[in-house]
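Enquirer:
Residue numbers (the working numbering): 286 to 371.
So, in structure tokens, the structure goes:
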């Protein structure tokens, strides 16, 4: 058997440390993109859903970086005011 990036929902969820419903919810909300994050094994909507765990791990990294950058961005927007009574 050849290794692959594509795993079924249960396998992908275990590897990514999320639930299968978490994956399906993001698919339904169109956060995950067809052909990038998931494919249908048979090429039609009734086929087994396979997840590209490499692409999903990249998405996790990107989201983590965005979340970690937000406090810095928000802090840089804060202006400080002096009461004038030094």
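All residues carry an ideal CB built from backbone N, CA and C; glycine is no exception. Small disclaimer: the values here were computed from a predicted structure and weren't measured.
On the DSSP letters alone, give me the boundaries of the beta strand (DSSP E) that residue 323 sits inside.
Expert: Run containing residue 323: 323–325, per the beta strand (DSSP E) assignment.
Enquirer: Quick check on this structure: which residue in 319, 352, 354 has the alpha carbon closest to the alpha carbon of residue 291?
Expert: Comparing Cα-Cα distances from residue 291 to each of 319, 352, 354, the minimum goes to 319.
Enquirer: Given this structure, state the Cα-to-Cα distance separating residue 307 from residue 316, to the nearest angstrom.
Expert: Cα-Cα distance, rounded: 11 Å.
Enquirer: Any chance the segment 347–357 sits against the segment 319–339, with 3 or more Cβ pairs inside 8 Å?
Expert: Cβ pair count under 8 Å is below three, so no.
Enquirer: Could you give the C-beta distance for residue 340 and residue 321, rounded to a whole number, given that I count them as a contact under 8 Å?
Expert: Confirmed, about 5 Å.
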